[in-house]
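Those letters in the sequence shown? Residues -33 to -1, 1 to 201, per mature numbering (1 follows the signal peptide of the UniProt record, and there is no 0), in order.
The beta carbon of each residue, even a glycine, is placed where N, CA and C say it ideally should be.
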Amino acid sequence: MKSSRRSFLRKTFSLIPIAAVAGTTAVSAVASAKEKGETFHYVPVFFNNDEWRFILAATDLLIPEDEFGPGAVSEGVPVYIDRQMELPYGHGYLWYMSPPFQESIPEMGYQTNLVPRDIYRRGIASLNKYCRDNFQHNFADLARDKQETILHDLDAGKLSLDALSGKLFFSQLLQNTKEGYLADPVHGGNQTMASWKLIGFPGARADFIQVMENPDKPYPLGPVSISGKYGALK
């Protein structure tokens, strides 16, 4: 039987992998990063302290560390997201951002007047306010099962935020988490190329002639980053 993580990756993250395990909050995410990754040593450029703690807790829930490999936090996904907020993407410079703004079907493309930076800043502040009003703590300080429920409610459109659509906020978070976990390490995430190893992606290798004649067989070499960094096969 295929592992849940491998299935999750091969389906291009079409399902939300929020693990139903109890007992830890953002503290576990930071501890994991300290032991195995560079997230712990990273100083955020865009996110403030409360926002950063939310990003750590939320990405740890979306792609948790398990027996099949490291999770989002130790792989540097929070670093990836923070860096993206200071690039043209985070400012929406590459998008058409003129009115009218209105709700529409997905096929019509991006319709909101908020760029990613605004979505995170308003969304995290609004969600933390909701959590304090209802549970006396910010999101990062809640029990893991409560955090999971909140993320599920955001995704399902059951939880309305003051500043923006809860579903829009969750979609932004999930999309960037997926991107960071699968991106080249030069962008901050996927530092050990764990996701590439899991799905058999060779990365930036230039020569595939030796495998073209052997379809349906595992690629025998480890992945390579654009920077030239090698990832061990095992």
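Assign Trp10 to one of two classes, buried (16 or more other C-beta atoms within 10 Å of its C-beta) or exposed (fewer than that). Trp is not the amino acid found at residue 10; the sequence shown has Val there. The residue in question, Val10, is exposed, as its Cβ has fewer than 16 Cβ neighbours within 10 Å.
Sufficient close CB pairs (3 or more, under 8 Å) joining the stretch 47 to 58 to the stretch 142 to 162: yes
Using 8 Å for Cβ pairs, my map puts Phe137 next to Leu118. What's the rounded Cβ distance? Phe137 to Leu118, Cβ: 7 Å. Contact.
Skipping 5 residues on each side, what residues in its chain have a beta carbon closer than 6 Å to that of Ser194? Val153
Please report how far the alpha carbon of Gln142 lies from the alpha carbon of Thr26, in whole angstroms. 11 Å
Where Asn105 falls, given that 16 or more other Cβ within 10 Å makes a residue buried: buried
Cβ distance (whole Å) where Gly133 is taken to contact Leu140 below 8 Å: That pair is no contact at about 11 Å.
May I ask which residues mark the beginning and end of the alpha helix (DSSP H) holding Tyr197? No alpha helix (DSSP H) contains Tyr197, which DSSP labels as neither H nor E.
Would you list the one or two residues that DSSP bridges to Asp33? Gly36
Reducing DSSP to helix, strand and coil, say where Leu188 ends up. It is coil, neither helix nor strand.
If you follow the alpha helix (DSSP H) that Gln158 is part of, which residue opens it and which one closes it? Gln158 -> no alpha helix (DSSP H), and no H or E assigned at all.
Integer Cβ distance of Gly43 from Gly170, believed to fall under 8 Å: Not a contact, Cβ separation roughly 16 Å.
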